[in-house]
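Novice: Structure incoming, see below.
Residue numbers (my numbering), protein chains in the order written: chain U, 1 to 171; chain S, 1001 to 1277.
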């Protein structure tokens, strides 16, 4: 329990710092900009209460926004991500099947599920994020391409992270 | 209350999402100038388009006044045009005047077939397309109005007589210049017509003459008939006036087909009225 808390706090700090100091400067023209900080929200324990999940997602989003000078945009996207995460988990997992404090990371969960999880949630997050950033349907195809390319970029980085910390767990 | 709370707890993910997302959205709009400008603009746009819609509806309410003023303008224009037309309406043929336009040309025609006893009467004339007759021209005789050209063949044309249930001709009272529609009405007497749509307040005396108003196909000032009975109320605010037609339909021989040279121009002008309406 304490270990899980510690891990998550560390993840929060590390991912936030990496996002605002490293990934902010990486991008393919304005088309693909990665947002791997969402990994923090993705890796929160499965059995986390909804309210706490929303609070953490909101705090994470606002923290990133503070550095991006786009107050609210990332927060909204993270809240949307939290909601989609709840839905995704509800649909795909019987909660009692796994222990409540389990971190849904590759190694404890099958890769196929993990990949789908990351892909769907990242797509959700990026859709909200870029739509709010554009805030108009004008040149929608441009926004759409940004969403798709950024999503691919983010998913690749998240999978690389996961590979880095991959550890086959004995269940 | 308990059920409400149950719903809240059961779907807490959704309600919490709404709350947090609303908060974030509020932050977005409040703190980012671009989004704020857009929100304000779009609301302005909403308000603007709402006003536009309302005005579009309101304009219908003032349509009659608008039409009246346009009709007045038309009348003034017509009066100006009238200065350039030939004063003698009985002359036949064309006067080639290169300085001034001739508004009305007259084509002499002979009646080859006539009926007065049907509900819808038609007249056949011995002039057709070859002689320059077109559909929609007015037909007059020396004694008054005859009708409107309906179909044209190469050498003949048929005329929808004034004695037809669907013929309406704009005519005006001599004294008051109030104008209405001259129709045959629902009687079967070829000597009697009805002048409709004259407002109630207009004073009409028996024996008053009726002339064409010039608003329709016919030149203004052609005798149409005289009032034999006034004050037959057709509705609440209009008089139906009984008219003795001046045209002798039963022995109609020689007629004139009126070619309004400026008819196309007039139609174009009046179609603009429709656009405005």
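The C-beta atom is built at its ideal place from N, Cα and C for all residues, glycine as well.
Note that the structure is a prediction, hence the values are computed from the model and not measured.
I think residue 1261 (chain S) touches residue 1103 (chain S), with their Cβ atoms under 8 Å apart; what is that distance to the nearest whole Å?
Specialist: That belief holds up - the Cβ atoms of residue 1261 (chain S) and residue 1103 (chain S) are roughly 6 Å apart, short of 8 Å.
Novice: I think residue 124 (chain U) touches residue 81 (chain U), with their Cβ atoms under 8 Å apart; what is that distance to the nearest whole Å?
Specialist: Going by Cβ atoms, the distance from residue 124 (chain U) to residue 81 (chain U) rounds to 6 Å, so yes, they are a contact pair.
Novice: Do residue 1263 (chain S) and residue 1211 (chain S) come within 8 Å of each other at the CB atom, strictly closer than that value?
Specialist: Taking 8 Å as the Cβ cut-off, residue 1211 (chain S) and residue 1263 (chain S) do not qualify as a contacting pair.
Novice: For a quick check, are the C-beta atoms of residue 1148 (chain S) and residue 1124 (chain S) less than 8 Å apart?
Specialist: Result no, Cβ atoms of residue 1148 (chain S) and residue 1124 (chain S) do not sit closer than 8 Å.
Novice: With a cut-off of 8 Å, does the C-beta of residue 1035 (chain S) fall near any C-beta of chain U?
Specialist: At least one chain U Cβ lies under 8 Å of residue 1035 (chain S).
Novice: Using 8 Å for Cβ pairs, my map puts residue 38 (chain U) next to residue 134 (chain U). What's the rounded Cβ distance?
Specialist: Residue 38 (chain U) to residue 134 (chain U), Cβ: 19 Å. No contact.
Novice: Within 10 angstroms of the Cβ of residue 1059 (chain S), are there 16 or more other Cβ atoms? Answer buried if so, exposed if not.
Specialist: That one is exposed.
Novice: For residue 8 (chain U), return the contacting residues in chain S, with the cut-off set at a CB-CB distance below 9 Å.
Specialist: Going along chain S, no residue has its Cβ under 9 Å from residue 8 (chain U), so there is no contact; the nearest lies around 19 Å.
Novice: Just to make sure I have the definition right: I need the residues of chain U whose C-beta is within less than 7 Å of the C-beta of residue 1217 (chain S). Which are they?
Specialist: Within chain U, no residue comes near residue 1217 (chain S); the closest Cβ sits about 54 Å away, beyond 7 Å.
Novice: Given residue 1176 (chain S), which residues of its chain have a CB within under 6 Å of its CB, disregarding the five upstream and five downstream residues?
Specialist: Answer for residue 1176 (chain S): 1202, listed in chain order.
Novice: Would residue 1105 (chain S) and residue 1259 (chain S) qualify as a contact pair, given that the criterion is a beta-carbon distance under 8 Å?
Specialist: Going by C-beta atoms, residue 1105 (chain S) is nearer than 8 Å to residue 1259 (chain S).
Novice: By the three-class DSSP mapping on this structure, what secondary structure does residue 1206 (chain S) have?
Specialist: Note: residue 1206 (chain S) maps to coil in three-state DSSP.
Novice: Where does residue 1178 (chain S) fall in DSSP's three states?
Specialist: Coil at residue 1178 (chain S), not helix or strand.
Novice: With three or more C-beta pairs closer than 8 Å as the rule, is the stretch 1124-1136 of chain S touching the stretch 1187-1198 of chain S?
Specialist: The stretch 1187-1198 of chain S, when compared against the stretch 1124-1136 of chain S, does not touch it at the 8 Å Cβ threshold.
Novice: Taking residue 1248 (chain S) and residue 1143 (chain S) to be in contact with their CB atoms under 8 Å, please state how far apart those CB atoms are, rounded to whole angstroms.
Specialist: Indeed, because the Cβ distance is near 5 Å, the residues count as touching under 8 Å.
Novice: Alpha carbon to alpha carbon, how far is residue 111 (chain U) from residue 165 (chain U)?
Specialist: Roughly 13 Å separates the two Cα atoms.
Novice: Do residue 158 (chain U) and residue 49 (chain U) count as a contact pair if the criterion is CB distance below 8 Å?
Specialist: No. Outside cutoff.
Novice: What is the residue span of the alpha helix (DSSP H) that residue 133 (chain U) lies within?
Specialist: Counting along the chain, the alpha helix (DSSP H) containing residue 133 (chain U) begins and ends at 111-134.
Novice: Among the candidates U:127, U:103, U:151 and U:104, whose CA atom is the shortest distance from the CA of residue 79 (chain U)?
Specialist: Nearest of U:127, U:103, U:151 and U:104 to residue 79 (chain U), Cα basis: U:127.
Novice: Between residue 4 (chain U) and residue 51 (chain U), what straight-line distance do the alpha-carbon atoms span, to the nearest angstrom?
Specialist: Looking at the two C-alpha atoms, the distance is approximately 18 Å.
Novice: Taking the Cβ atom as the reference point for each residue, do residue 1016 (chain S) and residue 54 (chain U) lie within a distance shorter than 8 Å?
Specialist: A contact, by the Cβ cut-off of 8 Å.
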